[in-house]
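Visitor: Quick one: the structure is below, and I'll ask about it shortly.
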Amino acid sequence: MVFHRYGAAIAFMVSGLIWVPAAHAQQHQHATPPTAAAADAPAASQQSKPSESDKSESSMSSHAPVVFTLRTGIAEGRMVYIGVGGDIDRQVNPKLVVHEGETVQINLINGEGAQHDAVIDQYAARSAIVSGKNASSTFSFIASKVGQFDYYCSLPGHRQAGMQGVLQVVPGNRAEMPSTAADITRDPADLPGPIGARQAKTVRIDLETVELKGQLDDKTTYTYWTFNGKVPGPFLRVRVGDTVELHLKNAKDSLMIHSVDFHGATGPGGAAAYTQTDPGAETVVTFKALVPGIFVYHCATPSVPNHITNGMYGLLLVEPEGGLPQVDREFYVMQGEIYTVKPFGTSGEQEMDYEKLISEKPEYFLFNGSVGALTRTHPLYANVGETVRIFFGVGGPNFTSSFHVIGEIFDHVYALGSVTSPPLTGVQTVSVPPGGATIVDFKLDRGGRYVLVDHALSRLDHGLVGFLNVDGPKNDAIMHEGPPKQ
Ligand SMILES: [Cu+2]
């Protein structure tokens, strides 16, 4: 079964913000229209755990959508649907298993060029007719009835010719899968506070490279290579003129040599020349922070993209003299890609696909290391009236991010991570290349949920999304549903 839980959740949510699929609109049982539910999902309080806040969220997120993709085709001389991706990949007329109350999204792709559709009578749910090869249609509904229901093609003769499968709706909630591996996600609120006004000095930094099995999605694990066990590595903070004494320790049980290249350092390999470190060994390098800015650091041991994709990247902030302008909250977010042999959404332990890596065909796009890192595990929280700052970097190794926060406008953008140039003002989307970073500041004027994305939005369905939940009044003067109020 495909279980694109988080990518789908937000794809659905974003689609709710922009347009409402017809089938969904018919099926939606809630008093508020999906558009309002999505935009005004109540923000959870600062203290509540994500699991509690999930319950208080609107139906849009509590019904975490389940996505299935079916391609029409011919198998053993019959017309059939063939599963695409996840656990139904390549299965003929796959059984689609969902839980009662879940939102189900079915994507239909025309695989051979004859006319087809997909229909589930009991839910009055149907796709459009897809005619040309590769034409597609998407529909969604809420699985409110328990039981087994046929999905089939309603074009004359097609059901009899083989285009029929089963949707099984099982009672009760989907059990939370116990975590079978470490949580490698970096909490975006996990960063040291400002340095501000102090004299330059020598700062010792200890990094440890650790290879460990981590949770990539709720039923999926992956062997990460990390700095200090999390992705991204720790947020490092010094001031211009500081001397950095860097100790790099490679854990005893590592299989690989690791190293570190600081984009904020000047010298051979950004220190990588002096830090190639064997398992169980430690290297030391000293460098001077000559230029203020926000800088990526990453492992630089061949094959470098392999080490980066596995999670070996982080940010170093070199504060200018006196520090950056103060804000109420700071966050730390980095984007990366993972290249697995099996498609996005497959459960179980996943292996890295070197062919996909060198041909730049990722399965996963991620904020802070895993699917759901910034939606379920560590959503960002803030209050109306506060100013927030996001230090945003791209580890990559390959894809530029078009970083955007849905529903907000950046008041300040330190373009390309430069803090020695004046920041840009009033920016919607900022382009951040691999091995690059930026700083964005904005004031929160209205409560609700804001959504962190790469505006190359197809990546939503590959795991790339985060939430910023803002507590406080939904100021109607800024936006409200309906015509102007008197
Ligand atoms: Cu490495």
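In mature numbering (1 follows the signal peptide of the UniProt record, and there is no 0), the protein residues as written are -25 to -1, 1 to 461.
By construction, the Cβ of each residue, glycine as well, lies at the ideal position given by its N, Cα and C atoms.
What's the C-alpha gap between ALA93 and ILE63?
Guide: 17 Å
Visitor: As a quick exercise: from VAL271, GLY245, TYR272 and ALA256, pick the residue whose alpha carbon is nearest that of PHE262.
Guide: GLY245
Visitor: Check each residue's C-beta against every heavy atom of ligand 1 and list, in chain order, those closer than 5 Å.
Guide: Cβ-based neighbours of ligand 1 within the cut-off: HIS233, CYS274, THR276, HIS282 and MET287.
Visitor: Express the C-alpha separation of VAL59 and ARG46 in angstroms, rounding to a whole number.
Guide: 7 Å
Visitor: Throw me the rounded Cβ distance for the PRO280 and LEU223 pair, which I believe falls under 8 Å.
Guide: That belief does not hold up - the Cβ atoms of PRO280 and LEU223 are roughly 20 Å apart, past 8 Å.
Visitor: Taking the alpha-carbon of ASN148 as reference, which of PHE202, ALA118 and LEU443 has the nearest alpha-carbon?
Guide: ALA118
Visitor: Given a threshold of 16 other Cβ atoms within 10 Å of its Cβ, counted over all protein chains shown, does THR155 qualify as buried or as exposed?
Guide: exposed
Visitor: Tell me which same chain residues have a C-beta within less than 6 Å of the C-beta of LEU341, skipping the five on either side of it?
Guide: GLY311 and GLY438
Visitor: For the candidate residues PHE116, ARG134, SER376 and ASP303, whose alpha-carbon lies nearest to that of VAL144?
Guide: PHE116
Visitor: Do GLN325 and LEU435 have their C-beta atoms closer together than 8 Å?
Guide: Note that the C-beta distance between GLN325 and LEU435 is not below 8 Å.
Visitor: Can you list, in chain order, the residues of its chain whose CB lies under 6 Å from that of THR44, leaving out five sequence neighbours each side?
Guide: VAL59, GLY60 and ASN82
Visitor: Going by alpha carbons, who is nearest to LEU166 out of ASN203, VAL394, GLN90 and PRO209?
Guide: Minimum Cα distance to LEU166 is reached at PRO209.
Visitor: How would you write the range of the alpha helix (DSSP H) that ILE117 sits in, first residue to last?
Guide: Counting along the chain, ILE117 falls outside any alpha helix (DSSP H), though it belongs to the beta strand (DSSP E) covering 111 to 117.
Visitor: Ends of the alpha helix (DSSP H) at GLU324?
Guide: Here GLU324 belongs to no alpha helix (DSSP H); instead the beta strand (DSSP E) covers 323 to 325.
Visitor: Between the segment 317 to 324 and the segment 264 to 284, are three or more C-beta pairs nearer than 8 Å?
Guide: no
Visitor: In the DSSP assignment, what are the bridge partners of ALA412?
Guide: GLY368
Visitor: Starting from the C-beta of GLY382, find all residues in its chain whose C-beta is less than 6 Å away, skip the five residues before and the five after it, and write them out in chain order.
Guide: TYR425
Visitor: Does the beta-carbon of ALA348 have 16 or more other beta-carbons within 10 angstroms, so that it is buried, or is it exposed?
Guide: buried
Visitor: Per DSSP, PHE202 is paired with what?
Guide: THR184 and LYS205
Visitor: In terms of residue numbering, what span does the beta strand (DSSP E) encompassing VAL144 cover?
Guide: 139 to 145
Visitor: Once the 5 residues before and after PRO254 are set aside, which same chain residues still bring their CB inside 8 Å of it?
Guide: So the list reads ASN225, ALA226, LYS227, ASP228, SER229, LEU230, MET231 and ILE232, once near-sequence residues are dropped.
Visitor: Excluding the five sequence neighbours on either side, which residues of its own chain have a C-beta within less than 7 Å of the C-beta of PRO69, listed in chain order?
Guide: Its chain contains GLY58, ILE63 and GLY140 as the residues whose beta carbon lies nearer than 7 Å to that of PRO69, once the 5 sequence neighbours on both sides are disregarded; these appear in chain order.
Visitor: Along the chain, where does the beta strand (DSSP E) containing HIS379 start, and where does it finish?
Guide: That run of the beta strand (DSSP E) goes 376 to 381.
Visitor: Taking the continuous alpha helix (DSSP H) assigned at HIS222, which residues delimit it?
Guide: Run containing HIS222: none in the alpha helix (DSSP H); it sits in the beta strand (DSSP E), 218 to 225.
Visitor: Do VAL235 and TYR272 have their C-beta atoms within less than 8 Å of each other?
Guide: In this structure, TYR272 lies closer than 8 Å to VAL235 by Cβ.
Visitor: By alpha-carbon positions, which one of ALA89, THR413 and ILE453 ends up nearest to SER129?
Guide: Of ALA89, THR413 and ILE453, the residue nearest in Cα terms is ALA89.
Visitor: Excluding five sequence neighbours on each side, which residues of the same chain lie with their C-beta closer than 8 Å to the C-beta of ASP217?
Guide: ALA175, LYS176, THR177, VAL178, LYS263, ALA264 and VAL293
Visitor: Which same chain residues, not among the five before or five after ARG101, have their C-beta less than 8 Å away from its C-beta?
Guide: By the criterion of a C-beta distance shorter than 8 Å, ARG101 is surrounded in its chain by ALA(-3), ASP92, ALA93, VAL94, ILE95, PHE114 and SER129, once the five residues flanking it on both sides are discounted.
Visitor: Report all residues from its chain with a CB closer than 8 Å to the CB of GLU87; omit the five preceding and five following residues, and keep chain order.
Guide: THR47, GLY48, ILE49 and LYS108
Visitor: Taking only heavy atoms of ligand 2 into account, decide whether any of them is closer than 7 Å to the Cβ of GLY52.
Guide: With respect to ligand 2, the structure shown offers nothing to examine, as its ligands consist of ligand 1.
Visitor: DSSP on ARG304, reduced to helix/strand/coil?
Guide: Look at ARG304 here: in three-state DSSP terms it is strand.
Visitor: What is the C-beta distance between SER258 and THR250, in whole angstroms, given that I count them as a contact (C-beta under 8 Å)?
Guide: Looking at the sequence shown, residue 258 is not Ser but Thr. Yes, THR258 and THR250 are in contact; Cβ-Cβ is about 5 Å, under 8 Å.
Visitor: In chain order, which continuous runs of the beta strand (DSSP E) of length 3 or greater are located wholly inside the segment 76 to 134?
Guide: 78 to 84, 111 to 117 and 122 to 127
Visitor: Just to confirm, are PHE374 and VAL415 a CB contact at a threshold of 8 Å?
Guide: no
Visitor: For the segment 254 to 323, list the beta strand (DSSP E) runs that are entirely contained and at least 3 residues long, ordered along the chain.
Guide: Qualifying beta strand (DSSP E) stretches, in chain order: 257 to 263, 268 to 273, 288 to 294 and 304 to 313.
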